[in-house]
Amino acid sequence: MAGFDIFDTVERLRAEGEAFCVATVLRTADATSAKAGAKAAVTRGGEILGHLGGACVQRAVRTAAGEALAEGAPRMIRVKPSDKVVAMTDPDGVQTYKSGCPSGGTVDLLIEPYQHAPRLVIFGDSPIARALATHAALTGLRVFVSGAFEGAGTTRFDPEEIDGLGVEPRDFVVVASQGKGDGVALKAALETPARRVSMVASRRKAGVLSAKLVDAGTDPARVARLKSPAGLDIRAIDPHEIALSILAEVIQWRNTDTQREASHGEKRA
Numbered sequence: 060m061a062g063f064d065i066f067d068t069v070e071r072l073r074a075e076g077e078a079f080c081v082a083t084v085l086r087t088a089d090a091t092s093a094k095a096g097a098k099a100a101v102t103r104g105g106e107i108l109g110h111l112g113g114a115c116v117q118r119a120v121r122t123a124a125g126e127a128l129a130e131g132a133p134r135m136i137r138v139k140p141s142d143k144v145v146a147m148t149d150p151d152g153v154q155t156y157k158s159g160c161p162s163g164g165t166v167d168l169l170i171e172p173y174q175h176a177p178r179l180v181i182f183g184d185s186p187i188a189r190a191l192a193t194h195a196a197l198t199g200l201r202v203f204v205s206g207a208f209e210g211a212g213t214t215r216f217d218p219e220e221i222d223g224l225g226v227e228p229r230d231f232v233v234v235a236s237q238g239k240g241d242g243v244a245l246k247a248a249l250e251t252p253a254r255r256v257s258m259v260a261s262r263r264k265a266g267v268l269s270a271k272l273v274d275a276g277t278d279p280a281r282v283a284r285l286k287s288p289a290g291l292d293i294r295a296i297d298p299h300e301i302a303l304s305i306l307a308e309v310i311q312w313r314n315t316d317t318q319r320e321a322s323h324g325e326k327r328a
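Each residue of the sequence shown is one higher than the last, beginning at 60 in my numbering.
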């Protein structure tokens, strides 16, 4: 690929904010068009930017890259002729993929996922929402706010265009509207794919709003994700204390999820 530079490509993908994988050819055996040291970037959509070999290798890489992104953990794979595959995991623990390509070669690859820090999406323009955005920006989270607050490390978003934000299951959503459009904000928050959704409200208020959403047709399974009151119980009183309790809970969730994904990746390896 004339003029192709994998490091320029990686930098561009990072700047665009999308998750991707870097695939590196570690070893080849017998005839193969892939060469040891070759690298390519694999986008979330399965586009391979770079040369790793023929169609059989590319199919395996797309599949493995999707799994690596889902788990957030790197993996090694081996692509080899179908007649040489005895099990889907070789004795050395490497996951194998069957190749029907006529070259008959074997290729070992390392698949490394790259993901930006999780998003913290905050609905509301309340003192607690602004305090949470201020503190969260210091933790490495990508902070998005719907209110007028514009602090360092935060990005504003339009609640009516939440789909364009690209919220993922690994992200966190907090509703801190506190009496101003609570129902609309909660509905939008629960319609995102985020696994963790919390609300600054009493259990009773959150229960009433949740029941109204279910009666209006919202999937009860989506509503069941809601955690309210938001935050850990640290006897917080003022907005900054409450914000710290919410942020502590988000960090606890983030680290728990990260450790679970790492443990799952080790078991697969």
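We treat Cβ as the ideally placed atom computed from N, Cα and C, and that holds for glycine. Computed from a predicted structure; not experimentally measured.
Any non-hydrogen atom of the ligand SAH within 6 Å of residue i CB
i, result
"T277", "No copy of the ligand SAH occurs in the structure displayed, which carries no ligand at all."
C-beta contact flag for residue i and residue j at 7 Å
i, j, result
"V116", "I107", "no"
"V259", "A244", "no"
"L111", "A93", "yes"
"A124", "R134", "no"
"A95", "R86", "yes"
"I293", "S304", "yes"
"A275", "T165", "no"
Residues near residue i in its chain [Cβ-Cβ closer than 7 Å; skip 5 each side]
i, result
"T83", "K98, L168 and L169"
"V309", "L179 and F231"
"A196", "V202, G210, A211, G212 and T213"
"V144", "T155 and K157"
"R313", "P177"
"M147", "Q154 and T155"
"P186", "P298"
Closest residue to residue i among the options (Cα-Cα distance)
i, options, result
"E77", "G96, A176 and A88", "A176"
"R263", "T277, R254 and K286", "K286"
"D241", "D151, V267, I296 and R284", "V267"
"G238", "T251, D184 and K94", "D184"
"R229", "V256, D217 and P218", "V256"
"D151", "I301, R137, E300 and P186", "R137"
"H329", "T165, R118, T193 and E70", "Outside the displayed span of the chain (60 to 328) sits residue 329, for which this structure offers no information."
"P252", "A207, D222 and G276", "D222"
"I181", "R215, R254 and A129", "R215"
"A307", "R254, G290 and A88", "G290"
"T315", "E70, P186, P140 and R254", "R254"
"E171", "R284, G206, F208 and V69", "V69"
Own chain residues within Cβ distance below 8 Å of residue i, not counting five before or after
i, result
"V282", "L249, S269, L272 and V273"
Test: residue i CB closer than 7 Å to a CB of chain B
i, result
"L200", "Protein chains in the displayed structure number just one, and chain B is not present."
Cα-Cα separation, residue i to residue j
i, j, result
"G105", "R121", "5 Å"
"S236", "E75", "30 Å"
"V226", "G163", "42 Å"
"A265", "L200", "26 Å"
"P218", "R118", "38 Å"
"K139", "D149", "11 Å"
"S261", "S141", "59 Å"
"Q311", "A302", "14 Å"
"T198", "E130", "22 Å"
"F208", "T91", "56 Å"
"K246", "E220", "13 Å"
"T277", "L224", "21 Å"
"P288", "R73", "35 Å"
"R284", "R71", "35 Å"
Beta-carbon contacts of residue i that lie in its chain and below 6 Å, excluding the five residues immediately before and after
i, result
"P279", "V273"
"C160", "G113 and C115"
CB-CB length for residue i against residue j, believed under 8 Å
i, j, result
"C80", "Y173", "7 Å"
"V204", "A188", "7 Å"
"F66", "G109", "Between G109 and F66 the Cβ distance is about 11 Å, and since that is not below 8 Å, they are no contact."
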